[in-house]
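Counting from 1 along the sequence shown, just add 60 to a position and that's the residue number in full-length UniProt numbering.
Even glycine gets a Cβ: it sits at the ideal position worked out from N, Cα and C.
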Amino acid sequence: KDSLVEMNLLEKGNYINYKQQLDNVNIVKERLGRPLTYAEKLLYGHLDKPHEQDIERGVSYLKLRPDRIACQDATAQMAILQFMSAGMPSVATPTTVHCDHLIQAQKGGAADLERAIRLNKEVYDFLATACAKYNIGFWKPGSGIIHQIVLENYAFPGELLIGTDSHTPNAGGLGQLAIGVGGADAVDVMAGLPWELKAPKIIGVKLTGRMNGWTSPKDIILKLAGITTVKGGTGAIVEYFGDGVDTFSCTGMATICNMGAEIGATTSVFPFNNSMVDFLDATGRSEIGQFAKVFQKEYLSADPGCEYDQVIEIDLNTLEPHINGPFTPDLATPVSKMKEVAVANDWPLEVKVGLIGSCTNSSYEDMTRAASIIEDAASHGVKAKSLYTVTPGSEQIRATIARDGQLKTFTDFGGSVLANACGPCIGQWDRQDIKKGDKNTIVSSFNRNFTSRNDGNPATHAFVASPEMVTAYAIAGDLRFNPLTDKLKDKDGNEFLLKDPVGVGLPVRGYDPGENTYQAPPEDRASVEVVISPSSDRLQKLTPFQPWDGKDAERLPILIKSVGKTTTDHISMAGPWLKYRGHLQNISNNYMIGAINAENGEANNVKNHYTGVYSGVPDTAAAYRDSGVKWVVIGGENFGEGSSREHAALEPRYLGGFAIITKSFARIHETNLKKQGLLPLNFTDLAAYDRIQPDDEVDILGLTELAPGKNVTLRVHPADGSPAWDTPLSHTYNSEQIEWFKYGSALNNMAAVKAS
Ligand code: F3S
């Protein structure tokens with residue numbers, strides 16, 4: 061500890077380490093001999109070994125020490141189950157879990173929450189007790205959406221946070237580097253391992269001028285998405301700079317960073333400024349704001365003369381409100397062009413539903429701006445033409461707008477206030493106003509609008525916009541409406557123009573915390589029992605994997621030789637299988653069921669090497685495992701591309717796999733396999749992939765001398781009885797990772813180190 065300023069008001073003993081981070085930054089600066097951007101300072105300030113780490117943007121891999129982990133309830137289940145299997149008494153890095161994804165919007169806030177608590181009881185009971193046991197803060201269902209809770213309670217300038225949700229970057233609005241990761245990465249950091257990230261490139265977005273009228277922070281990211289497309293930020297951090305960044309609120313900056321996920325950015329961040337100090341004050345954390353000011357010049361700002369890999373400039377003076385969609389968040393249309401574009405594309409013109417709120421846009425400012433438009437419309441006797449829903453991002457926001465009257469404005473308008481949860485944003489929406497397949501338009505203030513995301517209907521045309529624009533569309537009920545120029549008719553048939561929205565950045569009377577929905581870990585954690593019903597089909601305790609037996613592997617069957625693309629969706633499908641994310645045995649029944657078998661061109665139909673009987677891939681793998689036989693998979697190029705889901709590596713390990721041998725791997729999947737104790741190996745002679753036949757048996761030789769950069773040997777025993785042949789296999793293990801293989805998993809290794 062280098063200060064007496066605590067990271068937040070909810071935990072004791074976790075102090076802010078600016079001094080240490082600045083020391084690290086100075087070491088790196090001296091080594092690189094160049095000025096650093098704000099994002100670089102935050103990254104390099106958290107290096108595990110700043111003296112010796114290779115640092116080249118877009119090239120080297122950084123080993124980092126995050127300050128905090130946040131998990132949402134869908135991804136937390138397997139992460140915590142894995143952590144439990146390591147046998148450690150508590151998490152090594154401060155962690156919180158947030159119940160927000162499993163609440164379906166049906167009737168409205170209270171009723172939906174009550175129903176979700178009933179339906180998901182076993183998951184919530186497990187998470188609540190596991191959090192209590194392992195010293196994790198637990199936010200109960202109804203508390204709000206992970207990113208709002210983090211912003212209101214945990215985020216602060218200069219912090220490095222990882223979160224198991226893609227919109228974790230939301231906290232960049234408070235000057236924090238907040239990065240979305242897969243569960244496997246979160247488990248490592250929970251267990252005290254450093255976290256690895258490819259050194260991102262830095263895209264600078266220069267904001268000049270000042271927004272006015274109907275334009276809001278959301279329009280900055282809607283415009284940027286149109287410029288960069290959904291891939292433009294891949295492998296990069298978006299760092300905002302320029303005089304425009306000091307002209308709007310902290311929550312507005314959070315909206316922009318949140319939706320930076322839609323351009324593929326690693327994260328987005330604003331440098332520390334006065335709006336952040338104001339937000340920290342309003343959320344009871346003035347001390348942090350003052351402390352940050354002390355480090356502002358040296359640590360919490362970009363160095364003069366720092367260089368970005370790319371610079372994009374946006375002039376806020378002339379920025380128009382935008383509407384992005386349908387079906388993709390980068391199809392950006394300025395409001396002045398929407399009429400023309402919507403008609404030309406034959407998009408359904410009637411707006412059926414306007415949805416405001418979500419983790420992206422549910423700040424007090426958003427709510428007050430939306431309410432101001434409704435009040436204006438109401439003063440002319442006008443109500444909503446479309447259905448209208450409001451999703452508060454947190455209990456604190458809900459309670460504050462209930463106290464200050466905006467909530468009543470929404471309901472008087474005909475709006476329905478949903479639970480403080482993800483709801484329709486993640487498809488948890490029991491939509492009744494149309495039938496599946498009906499072509500229709502909805503406009504939301506969310507961040508994503510992929511096909512079927514909100515209501516499961518592929519014919520729904522979903523658009524994203526700011527809450528004030530969504531509200532204007534709900535009033536007019538028509539996608540062609542431009543509130544800046546088009547008049548509406550009042551109750552007497554007279555025309556009027558809606559007034560520009562006006563909002564309040566922070567509540568004048570302070571935030572009302574509402575109901576207390578936080579469960580702090582108890583003092584006595586040893587006696588807490590983690591609740592997992594043995595009959596549950598959604599949750600299952602994990603048993604640590606067996607260590608390597610110290611021998612080369614001989615005469616292993618090939619479970620499947622896959623051809624064509626083998627993505628993480630082929631390896632471990634999503635969709636209906638999501639339900640089993642906390643149950644390794646059940647979810648393993650989807651292992652490789654989407655991969656194509658080279659022998660017969662079919663999916664999920666492989667021959668048992670010993671019985672000759674064809675059956676599903678998972679059944680065959682389990683049959684091998686149950687008779688004590690290890691097996692391998694043979695695959696093609698970029699094996700395991702797609703998501704970072706750790707189930708794609710846990711499943712083959714659970715089913716008794718020994719090695720996955722491919723032409724090449726997607727990097728994250730390769731690392732996940734290593735972490736679970738499987739051997740990811742590559743053909744150095746690519747022709748060997750073609751030569752090897754699904755019915756052959758293989759040896760893997762040289763494992764006792766496994767060392768970085770040293771090949772092992774694959775000996776193939778052809779099924780036709782012809783002589784065995786050898787081919788070299790390469791690997792990317794470093795010496796630390798070799799220990800993971802020997803111990804049976806990275807977690808086993810970690811637990812052993814901690815115990816010694
Ligand atoms: Fe939830 Fe949607 Fe945000 S799913 S975390 S409200 S992007």
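For Pro788, the uninterrupted beta strand (DSSP E) segment begins and ends at 785-790.
DSSP places Gly417 within a strand segment (E or B) once states are collapsed to three. In the structure shown, Val623 falls within a strand segment according to DSSP collapsed to helix, strand and coil. Judged by DSSP secondary structure, Glu410 falls outside any beta strand (DSSP E); it is assigned neither H nor E. Taking a 10 Å sphere around the C-beta of His630, we find 16 or more other C-beta atoms and assign the residue as buried. Nearest Cα to Arg685 within the set Glu711, Val813, Gly516: Glu711. DSSP, read as helix, strand or coil, puts Trp199 in strand. Here the stretch 725-732 does not lie against the stretch 647-655, with fewer than 3 beta-carbon pairs under 8 angstroms apart.
When the five nearest sequence neighbours on each side are left out, the beta carbons in the same chain lying within less than 7 angstroms of the beta carbon of Gly441 are those of Asp550, Lys551, in order along the chain. Distance from the Cα of Lys495 is smallest, within the candidate group Gly516, Asp755, Gly320, Tyr300, for Gly516. Secondary structure at Gln137: helix, using DSSP grouped into helix, strand and coil. With a cut-off of 8 angstroms on Cβ pairs, the stretch 529-546 is in contact with the stretch 414-427, counting three or more such pairs. Per the Cβ contact rule, the stretch 134-148 is in contact with the stretch 224-234 (3 or more Cβ pairs under 8 angstroms).
Look at Ile494 here: in three-state DSSP terms it is coil, with no helix or strand label. Ligand 1 never approaches Arg641 closely enough for any of its heavy atoms to be under 7 angstroms from the residue's Cβ.
With fewer than 16 neighbouring CB atoms inside 10 Å of its own CB, Ser593 falls in the exposed class.
Per the Cβ contact rule, the stretch 560-578 is in contact with the stretch 459-467 (3 or more Cβ pairs under 8 angstroms).
For Trp274, the secondary structure class from DSSP, reduced to helix, strand or coil, is coil. For Cys482, the shortest separation between its Cβ and any heavy atom of ligand 1 lies below 7 angstroms. Under the rule that a run must span 4 or more residues, the alpha helix (DSSP H) segments found entirely inside the stretch 724-808 read 727-735, 747-751, 795-803. Short note on His161: C-beta closer than 7 angstroms to some heavy atom of ligand 1. Checking the 7 angstroms criterion, the Cβ of Asp436 is out of range of every heavy atom belonging to ligand 1. In its chain, beyond the 5 residues on either side, His521 have a beta carbon closer than 6 angstroms to the beta carbon of Trp407. The three-state secondary structure of Tyr684, taken from DSSP, is helix.
Asn86 is bridged by DSSP to nothing; it lacks a bridge partner. In the three-state reduction of the DSSP assignment, Leu124 falls in the strand class, which pools E and B.
Here the stretch 763-781 lies against the stretch 601-615, with 3 or more beta-carbon pairs under 8 angstroms apart. Residue environment analysis places Gly475 among the buried positions, since at least 16 neighbouring C-beta atoms fall within 10 angstroms of its C-beta. Assigned with DSSP and collapsed to three states, Asn657 falls in strand.
The distance from the Cβ of Gly264 to that of Leu102 is about 15 angstroms, inconsistent with a contact at the 8 angstroms cut-off. The three-state reading of DSSP puts Glu425 in helix, counting H, G and I together.
Judged by pairs of C-beta atoms under 8 angstroms, the stretch 479-499 does not touch the stretch 596-608, as fewer than three such pairs exist.
In this structure, the straight-line span from the alpha carbon of Pro389 to that of Asp759 is close to 49 angstroms.
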